[in-house]
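Colleague: Got a structure for you, written out below as structure tokens; questions coming shortly.
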Amino acid sequence: MKMTLRALLGATVSFTLAGAAMAETTITVATVNNGDMIRMQGLMDDFYAKHPDIKVEWVTLEENVLRQNVTADIATGGGQYDVVTIGTYEVPIWAKQNWLESLNDLPADYDIDDLLPAIRGGLTVDGNLYASPFYGESSFVNYRKDLAEKAGVTIPDAPTWDDIKAAAAAMTDTDAGIYGICLRGKAGWGENMAFLTTMANSYGARWFDENWNPQFDQPEWKAVMTDYVELLTKYGPPGASNNGYNENLTLSLQGKCAMRMDATVSAGSLTDPAQSEFADQVGFALAPDMGLGKRANWLWAWSLAIPASSDAKDAAKTFVNWATNKDYIALVASKEGWRNAPPGTRTSLYANAEYAALPFAKMTIDSINAADPTNPSVKPVPYVGVQFVAIPEFAGLATSVGEIFSAALAGQKSVDDALAEAQALAVSEMTSAGYIK
Amino acid sequence: MARSVTPRRKILFTLAAWSVALLIFFPVLWTILTSFKTEASAVASPPQLFTADWTLENYAEVWGRSDYPRFFWNSVVISVGSTLLGLIVAIPAAWAMAFVPGRRTKDLLMWMLSTKMMPAAAVLIPMYLIFQRTGLFDTRFGLVMALMLMNLPVIVWMLYTYFKEIPGEILEAARMDGASLRNEILYVLTPMAVPGIASTMLLNIILAWNEAFWTITLTTTKAAPLSAFIASFSAPQGLFYAKLSAASTMAIAPILILGWFSQKQLVRGLTFGAVK
């Protein structure tokens, strides 16, 4: 009897210990709702087959809501999320606050040296990688080749702003509902200000001088705003001040934008016959310049990072390695074709002959390589970031400035008034924040 | 003397009422119609109310991508729970204010209502910290408590308005017959105020069901209700309007049906005491 009891007890203990050893680790992944992220959620069977001991729970939110929730959680050390999807803007700021776990110790098969140098640079602080890029993007020009041909214009692979202005004028046919150029006009630091900041870079304008003095009162900004408002007023779609990424993409898919400057990541949609009637007529070119050495293209990566407050860091790293590894890109390609592979993160992707054959591949990698976050403008700047300034105050300030510039585009104020208002606001904000002594 | 309503006037008022109703309902109608369109049709320019290519694909995708029953159940628990708890707290409070008012009762009522005027974002960080430190974050109980407290001023105000219409003499008679305070509220006041309590309950369930700021901010996976379900289909990049509309339709359908069947009580409750 005693033996039986002991055996039962022993079996119970062994079973409990074995159960503990096999226990599932649950990680919570916060992400944005975009095609690549949703595709990843559909490929989770591959992850579970390789890592049956890790369960992934998803929190999918709109970009701004996600940013607010994740910031609140990380800033308060909440530990609600084990993996968060963040952009190139947040990484340097959060890393400096010690909010993120370093990813230097990812396994060798992660192949850190395969990451595109520009993208890797934007996610690295003091030599440590703090986020792993899931997909990267720059911005470029896409245009309808048939309309360009009809209008008798040639858009060079590396155009100048004069080329763009001339092409926009030639291709505009408002009676036929064709607008020469579509640019972001909707207010927001990630909307019109992302575009305008890159345009400013190419014009020799900058947000701040070396002493953090705002520069909206300089002639370069006046030239930027004058040309921007004129381009969209003369050749843009009606209500351009309400158009952001989605609206302009929709117009392009419908063939109503003869030319558009926006994210390289939209190339997949534009060349997909299932989404666009003009998929076989899309041409691409680098973002324009003014001959000053800088093009108006940005650099962005949606990346996976691990909050320092996570209590499942090992499982989180396993997930990040799976989701951003070369093998994952190959997995997507095998299931859904190379067109749908997450772009803009790895050198090996662009060395792949099948991917390189896609019409947008070369222009995307050239655009990404042309961006320099540490030296974004013609003149020297005290900040890092191409279409943003990597300081915590930027998002709020740029959104306010974006509203002013959007109002100027809508004709509610003059360019001069808008620039004066933006300058006064920026001086006030930067003084309050202690940048200007 | 009441003014007679001529047939012409009646037709005009009826037309005006239908126009206003259609105007108010139009966004909901648009959302429902969009949910049955393809993404390309959803963003067609110029916009089209109807399309030739109706589809159920969006519903299939939304259903496949999310655990709708879990979000739905969380919404039910949170909205019904916060409402019932709110009524338990508010009925005695409204009784006291209606039948034994003090010198500051009106001020107290105004103060309670004024808390509703505070922007939610102003207390985001304190609320966030309290929920984290007390283990209420991402729990249904936490949201029940938060929404109960948030809607309590409205519940108290509505019940106070109904209770004021009930003659105090009836309660006095009950007391003369030996009813305790508990029995007076439970067996005399509450049955007489059932229509008012029902409409308060319905309105509060709707308010709690539709609340989005706190339910999205204070949850991640376990307690997230349908507001978070909708938010997961919004995106800054790409075409998503049809799927978002399908998710919105799935989220509002239960509360629309509830509102439809209880519209008589709702209207009666909302207009109670408005005309004397």
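In order, the protein sequences belong to chains A and B. FYI, our numbering numbers position 433 of the first sequence as 433, with every residue one higher than the one before it. In our numbering, each residue's number is its place in the second sequence (first place is 1) plus 1000. We treat Cβ as the ideally placed atom computed from N, Cα and C, and that holds for glycine. Since we're looking at a predicted model, the values are computed, not measured.
Return the first residue and the last residue of the beta strand (DSSP E) that A/Asn142 is part of.
Modeller: Ser132 to Arg144 is the span of the beta strand (DSSP E), which, as asked, contains A/Asn142.
Colleague: In three-state DSSP terms, what is A/Tyr435?
Modeller: Correct three-state label for A/Tyr435: coil.
Colleague: Which of the residues in the region 1096 to 1124 of chain B, read from start to end, lie with their CB under 8 angstroms from any CB of chain A?
Modeller: Listed in sequence order: Leu1124.
Colleague: Rounding to the nearest angstrom, what Cα-Cα distance links A/Gly19 and A/Thr28 in this structure?
Modeller: Low confidence applies to A/Gly19: its pLDDT is 45, below 50, so where it sits in the model is not reliable enough to give any reading.
Colleague: Could you name the residues that DSSP lists as bridge partners for A/Ala30?
Modeller: Per DSSP, A/Val59 and A/Val84.
Colleague: Tell me which residues share the same chain as A/Glu277 and place their Cβ nearer than 7 angstroms to its Cβ, disregarding the 5 neighbours each side in the sequence.
Modeller: Same-chain partners within the cutoff: Gly255.
Colleague: Name the two residues that bound the continuous beta strand (DSSP E) containing A/Phe284.
Modeller: Element bounds for A/Phe284: Val282 to Leu286.
Colleague: Using a Cβ-Cβ cut-off of less than 7 angstroms, give me the residues of the region 1072 to 1091 of chain B that come near chain A, in sequence order.
Modeller: Result list empty, no residue passes.
Colleague: Mind listing the chain A neighbours of B/Gln1048? Cutoff is C-beta to C-beta under 9 angstroms, in chain order.
Modeller: Here the premise fails: no neighbours, minimum Cβ distance about 13 angstroms.
Colleague: Any chance you could list the alpha helix (DSSP H) runs of at least 4 consecutive residues sitting entirely within the region 223 to 289 of chain A, in chain order?
Modeller: Fully enclosed alpha helix (DSSP H) runs of 4 or longer: 245 to 253 and 267 to 270.
Colleague: Would you mind working out which of B/Glu1169, B/Ser1082 and B/Ile1205 sits nearest B/Met1148, comparing C-alpha positions?
Modeller: Cα-wise, what sits closest to B/Met1148 is B/Ser1082.
Colleague: What are the boundary residues of the alpha helix (DSSP H) that includes B/Leu1085?
Modeller: Where B/Leu1085 is concerned, the enclosing alpha helix (DSSP H) stretches over Tyr1068 to Phe1099.
Colleague: According to DSSP, is A/Asp173 part of a helix, a strand, or is it coil?
Modeller: DSSP places A/Asp173 in strand when its eight states are reduced to three.
Colleague: Looking at the C-beta of B/Ser1019, does it have a partner C-beta in chain A at a distance below 8 angstroms?
Modeller: It does not; no Cβ of chain A falls within 8 angstroms.
Colleague: Beta-carbon separation of B/Phe1071 and B/Leu1226 under 8 angstroms?
Modeller: Yes, Cβ-Cβ distance for B/Phe1071 and B/Leu1226 is below 8 angstroms.
Colleague: Quick check on A/Met290: buried or exposed, where buried means 16 or more other Cβ atoms within 10 Å of its Cβ?
Modeller: Per the 10 Å Cβ criterion, buried.
Colleague: Going by the DSSP bridge assignment, what does A/Trp300 pair with across the sheet?
Modeller: A/Glu137, per the DSSP bridge assignment.
Colleague: Nearest-angstrom Cα distance between B/Val1278 and B/Val1080?
Modeller: In the structure displayed, chain B extends from 1001 to 1276; residue 1278 of chain B sits before or after that span and is not available.
Colleague: 8 angstroms is my cut-off, CB to CB: does B/Leu1136 come that close to chain A?
Modeller: No, because no Cβ of chain A sits closer than 8 angstroms to the Cβ of B/Leu1136.
Colleague: Distance cutoff 8 angstroms, beta carbons only. Does A/Val32 sit that close to anything in chain B?
Modeller: Yes, A/Val32 lies at the interface with chain B (some Cβ there is under 8 angstroms from its Cβ).
Colleague: Quick one: measure Cβ to Cβ for A/Ala341 and A/Ala131, integer angstroms, because I've assumed they're closer than 8 angstroms.
Modeller: So it is not a contact: roughly 20 angstroms between Cβ atoms.
Colleague: Does the beta carbon of A/Gly78 come closer than 8 angstroms to any beta carbon on chain B?
Modeller: Cβ-Cβ to chain B under 8 angstroms: yes for A/Gly78.
Colleague: Do you know whose CA, among A/Leu231, A/Leu331, A/Asn213 and A/Asp416, lies nearest A/Met430's CA?
Modeller: When only C-alpha atoms are compared, the closest one is A/Asn213.
Colleague: Can you list the residues of chain A that B/Leu1129 reaches, using a CB-CB cut of under 7 angstroms?
Modeller: Within chain A, the residues near B/Leu1129 are Thr76.
Colleague: Would you tell me roughly how many angstroms separate the C-alpha atoms of B/Met1158 and B/Thr1217, rounded to the nearest one?
Modeller: Taking the straight line joining both Cα atoms gives about 28 angstroms.
Colleague: Check the Cβ of B/Ser1041 against every Cβ in chain A and list those closer than 7 angstroms, keeping chain order.
Modeller: The premise fails here: B/Ser1041 is roughly 11 angstroms from chain A at the closest Cβ pair, so nothing lies under 7 angstroms.
Colleague: Any beta carbon of chain A sitting closer than 8 angstroms to that of B/Ser1045?
Modeller: Output row for B/Ser1045: interface = yes.
Colleague: What does DSSP give as the partner residues of A/Ala305 in its beta bridges?
Modeller: Answer by DSSP bridge pairing, in chain order: A/Val84.
Colleague: Round the Cβ separation of A/Thr31 and A/Thr76 to the nearest angstrom and send it over; I've been treating them as touching at under 8 angstroms.
Modeller: Contact flag wrong, Cβ pair sits at about 20 angstroms.
Colleague: Closer than 8 angstroms between beta carbons: that is the criterion. Which residues of the region 250 to 284 of chain A meet it against chain B?
Modeller: Those residues of the region 250 to 284 of chain A that come within reach of chain B (Cβ to Cβ, closer than 8 angstroms) are Thr250, Leu251, Leu253, Gln254, Lys256, Ala263, Val265, Ser266, Ser269 and Gln275.
Colleague: Please report the residue range of the alpha helix (DSSP H) in which B/Val1194 lies.
Modeller: Unbroken alpha helix (DSSP H) run through B/Val1194: Val1194 to Asn1210.
Colleague: When DSSP labels each residue in this structure, what does A/Val386 get in the three-state scheme?
Modeller: Reduced to three states, the DSSP call for A/Val386 is coil.
Colleague: For A/Thr60, return the contacting residues in chain B, with the cut-off set at a CB-CB distance below 7 angstroms.
Modeller: Ser1232, listed in chain order.
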